[in-house]
Amino acid sequence: MIEFLTQATVSPPAGIAADELDDLRRREAARAAELAEEGRLVRAWRPHGAAGWANVCLWRAADEQDLWRTLATLPFFPHMTVEVRQLDPHPNDPRSQAKRAD
Numbered sequence: 007m008i009e010f011l012t013q014a015t016v017s018p019p020a021g022i023a024a025d026e027l028d029d030l031r032r033r034e035a036a037r038a039a040e041l042a043e044e045g046r047l048v049r050a051w052r053p054h055g056a057a058g059w060a061n062v063c064l065w066r067a068a069d070e071q072d073l074w075r076t077l078a079t080l081p082f083f084p085h086m087t088v089e090v091r092q093l094d095p096h097p098n099d100p101r102s103q104a105k106r107a108d
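Using the working numbering, the first residue of the sequence shown is number 7, and each one after it goes up by one.
Structure representation (C-alpha cells):
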C-alpha cells in the first residue's frame with residue numbers, strides 16, 4: 007500500500023438544515039471509523055489556525071485512483087476540495103529505522 011497525505015476543506019451546502027448537517031456529520035464519522043478499521047485512514051488532524059472546516063489526513067491505498075475512489079465514499083466528499091500528495095519512504099524515517107533494528 008502507498009501512503010498519501012491529503013489536505014481538504016469542506017464547504018457544506020449553503021442553507022442546509024441543521025438536522026441534515028448533523029446527519030452528514032454522523033455518517034462522515036461512521037465512514038471514517040470504517041476506513042480506519044480497514045487500515046485506509048491512518049491519521050487525521052485539524053490544521054492549526056485554519057478557518058472553516060479543514061483537515062489533513064494520512065491514508066493508505068493501492069494507488070491514487072484507489073484513494074480517490076475511497077474518498078468518494080465519504081458523505082462530505084461532494085462538498086470537499088482535496089489536495090493529494092503521494093508520499094515515498096524516507097531513509098531517515100524513525101519508524102523505518104526502528105523496524106530495521108528489530
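Ideal placement from N, C-alpha and C gives every residue a C-beta, glycine not left out.
Next on the checklist: Is it buried or exposed, A68, if we count other Cβ atoms within 10 angstroms and call 16 or more buried?
Outcome noted: On the sequence shown, residue 68 is found 62 positions in, with the first residue counted as 1. With fewer than 16 Cβ atoms within 10 Å of its Cβ, A68 is classed as exposed.
Checklist entry - What distance in whole Å lies between the Cβ atoms of V88 and W59, which are believed to be in contact at a cut-off of 8 Å? => result Locating residue 59 in the sequence shown gives position 53, where the first residue counts as 1. Locating residue 88 in the sequence shown gives position 82, where the first residue counts as 1. Actually they are not in contact, since the Cβ atoms of W59 and V88 sit about 12 Å apart, beyond 8 Å.
Checklist entry - Going by C-alpha distance, which of L27, L41 and S102 is nearest H85? => result Indexing the sequence shown from 1 puts residue 85 at position 79. Selected option, being the one with the closest Cα: L27.
Checklist entry - Under 8 Å between the Cβ atoms of E34 and L80? => result Counted from its first residue, the sequence shown places residue 34 at position 28. Counted from its first residue, the sequence shown places residue 80 at position 74. Going by C-beta atoms, E34 is nearer than 8 Å to L80.
Item to check | Nearest residue (CA-CA) to T76, options A23, D25 and G45 | outcome: Position 70 of the sequence shown, counting from 1, holds the residue named residue 76. The shortest C-alpha separation from T76 is found at G45.
Checklist entry - Can you name the start and end residues of the beta strand (DSSP E) that T79 belongs to? => result Within the sequence shown, residue 79 is the residue found at index 73, counting from 1. No beta strand (DSSP E) contains T79, which DSSP labels as neither H nor E.
Checklist entry - Looking only at its own chain, which residues have a Cβ that is under 6 Å from the Cβ of L41, when we skip the five neighbours before and after it? => result Counting from 1 along the sequence shown, the entry for residue 41 is found at position 35. The answer, listed in chain order, is L47.
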